[in-house]
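Heads up, the thing below is written out as structure tokens.
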Amino acid sequence: MDPIEKAIRNALEKGDSTDRAFREKVYRSAFSALDRALKANPNVTVESAINRRKAMTARIAEIEAEFLPAPAAAGNPAGADAPSIDAPGHHGSSASDAHIMPVVPDIMPDAPLPRTMEPEPDIAPRRRRPRRRGLPALFAALTVLAVVALGAWWLLQSGALRTPEQRGEVPVPPATVEDEDFSPSGGATAPLRTGENGFSGEWITVFTPLDPTTVSTPSDAKADVMEDDSGTYLRVRSGSSGSAVSFDVGQGILDEVAGTRAVFVIVARGEGGTATQVSIDCNFGELGDCGRKRYDVKGDRGEYLFDVQFPDKRAGAAGTIAITSDVENQGRSVDIYEIRVSVAE
Numbered sequence: 429m430d431p432i433e434k435a436i437r438n439a440l441e442k443g444d445s446t447d448r449a450f451r452e453k454v455y456r457s458a459f460s461a462l463d464r465a466l467k468a469n470p471n472v473t474v475e476s477a478i479n480r481r482k483a484m485t486a487r488i489a490e491i492e493a494e495f496l497p498a499p500a501a502a503g504n505p506a507g508a509d510a511p512s513i514d515a516p517g518h519h520g521s522s523a524s525d526a527h528i529m530p531v532v533p534d535i536m537p538d539a540p541l542p543r544t545m546e547p548e549p550d551i552a553p554r555r556r557r558p559r560r561r562g563l564p565a566l567f568a569a570l571t572v573l574a575v576v577a578l579g580a581w582w583l584l585q586s587g588a589l590r591t592p593e594q595r596g597e598v599p600v601p602p603a604t605v606e607d608e609d610f611s612p613s614g615g616a617t618a619p620l621r622t623g624e625n626g627f628s629g630e631w632i633t634v635f636t637p638l639d640p641t642t643v644s645t646p647s648d649a650k651a652d653v654m655e656d657d658s659g660t661y662l663r664v665r666s667g668s669s670g671s672a673v674s675f676d677v678g679q680g681i682l683d684e685v686a687g688t689r690a691v692f693v694i695v696a697r698g699e700g701g702t703a704t705q706v707s708i709d710c711n712f713g714e715l716g717d718c719g720r721k722r723y724d725v726k727g728d729r730g731e732y733l734f735d736v737q738f739p740d741k742r743a744g745a746a747g748t749i750a751i752t753s754d755v756e757n758q759g760r761s762v763d764i765y766e767i768r769v770s771v772a773e
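The sequence shown runs contiguously to residue 773 in my numbering.
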């Protein structure tokens, strides 16, 4: 049983699966969950997205076929005088060979539907039951809706609906990122260097590999002191759960930079000359934090800076700088040579 079919069946078991209205709501939730997953993945092509919807349609058709009544018996027993009742048509569908998403989102409806009353038994002879014709129309409507949604998604991704300013055809002021700063690689702006942007040049050491006791590692992360021709460094590898390695920032350091705009510099490189994308989070206690930073750390030694405007009050306690060595969680490491801070002029 593939993940899509298992998820739908689990959802049906949590309600009245004999209720047609409940089943239709579960199917709609499944399609909505698939749409959200496709829109969240920019690497999915339109053709692949359509194939995935066809695959889900086929699975739903197979499951729904199990709830349709079986055909009437070939004949009545001898001497039986019961009236005959025509069975409704059987709607079947073959399974699709399209690729199925590896992870199926939760597709349970937000609230259970009320149970409907049981139908009254047929009393009058040769009374026909109404045919169920809603599901084929539902499948067709959902398919059309999916095609329209994918078309709109493609337009947004291609930039056809963007204004000239958004496409960069006219000069616009750079955006200000508050929650997360990102220092990309390639032709984009590189991290600032020591002495730029009015730094005083008088640095306070926050971390050095000669004193690894200020480093805290979760159970699934690693931090080892190493040395080569480039100098002594701490090789940091985040845990498989994405847990970060923390570096202590002493209370005395925080008290010294309180009430100023301080600039932190992290001297680092990717392990073995391999670039990696790292994230940095800070906790400075009463002095706040630094927001979430991201940097593309190259394979050679370099400086990666960020600044923090501290309030004018005492820290009250020590703080931490947490570094995740590989945002993509591919097991890459980063070598940390030192961390220091300076007060900007």
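Cβ coordinates follow ideal geometry from the N, Cα and C atoms, glycine included. No experiment lies behind these values; they were computed from the predicted model shown.
So, helix, strand or coil for residue i, using DSSP?
i, result
"residue 585", "helix"
"residue 758", "coil"
"residue 642", "helix"
"residue 728", "coil"
"residue 662", "strand"
"residue 675", "strand"
"residue 450", "helix"
"residue 567", "helix"
"residue 372", "Residue 372 cannot be examined here, being either before or after the span of the chain that is shown, 429 to 773."
"residue 742", "coil"
"residue 650", "strand"
"residue 712", "coil"
"residue 703", "coil"
"residue 461", "helix"
"residue 575", "helix"
"residue 630", "coil"
"residue 680", "helix"
"residue 496", "coil"
"residue 772", "strand"
"residue 736", "strand"
"residue 442", "coil"
What number of angstroms, rounded off, separates the C-alpha of residue i from the C-alpha of residue j?
i, j, result
"residue 464", "residue 478", "14 Å"
"residue 743", "residue 663", "29 Å"
"residue 495", "residue 469", "34 Å"
"residue 566", "residue 485", "10 Å"
"residue 732", "residue 699", "16 Å"
"residue 583", "residue 720", "31 Å"
"residue 449", "residue 671", "44 Å"
"residue 798", "residue 686", "Past the edges of the chain, shown from 429 to 773, lies residue 798, and the structure says nothing about it."
"residue 459", "residue 443", "18 Å"
"residue 437", "residue 761", "42 Å"
"residue 432", "residue 480", "10 Å"
"residue 646", "residue 666", "8 Å"
"residue 711", "residue 769", "15 Å"
"residue 655", "residue 682", "30 Å"
"residue 717", "residue 701", "31 Å"
Let me make sure I understand the geometry here. Which of the options has the alpha-carbon closest to that of residue i?
i, options, result
"residue 679", "745, 696 and 732", "745"
"residue 440", "724, 584, 491 and 461", "491"
"residue 471", "581, 674 and 577", "581"
"residue 579", "631, 638, 672 and 475", "475"
"residue 723", "686, 689 and 752", "752"
"residue 767", "713, 661, 649 and 726", "661"
"residue 771", "438, 689, 577 and 434", "689"
"residue 659", "576, 765 and 648", "765"
"residue 430", "728, 650 and 488", "488"
"residue 563", "575, 454, 433 and 434", "454"
"residue 707", "716, 696 and 715", "696"
"residue 669", "758, 473 and 692", "758"
"residue 575", "466, 681 and 649", "466"
"residue 497", "456, 457, 446 and 451", "446"
"residue 461", "435, 756 and 451", "435"
"residue 728", "709, 657 and 717", "657"
"residue 694", "483, 451 and 631", "631"
Here's the rule: buried if 16 or more other CB atoms are within 10 angstroms of the residue's CB, otherwise exposed. What is residue i?
i, result
"residue 754", "buried"
"residue 704", "buried"
"residue 569", "exposed"
"residue 763", "buried"
"residue 773", "exposed"
"residue 637", "buried"
"residue 493", "exposed"
"residue 653", "exposed"
"residue 674", "buried"
"residue 747", "buried"
"residue 641", "exposed"
Using a beta-carbon distance below 8 Å, is residue i in contact with chain D?
i, result
"residue 630", "Within the model displayed, chain D is absent; a lone protein chain is all it includes."
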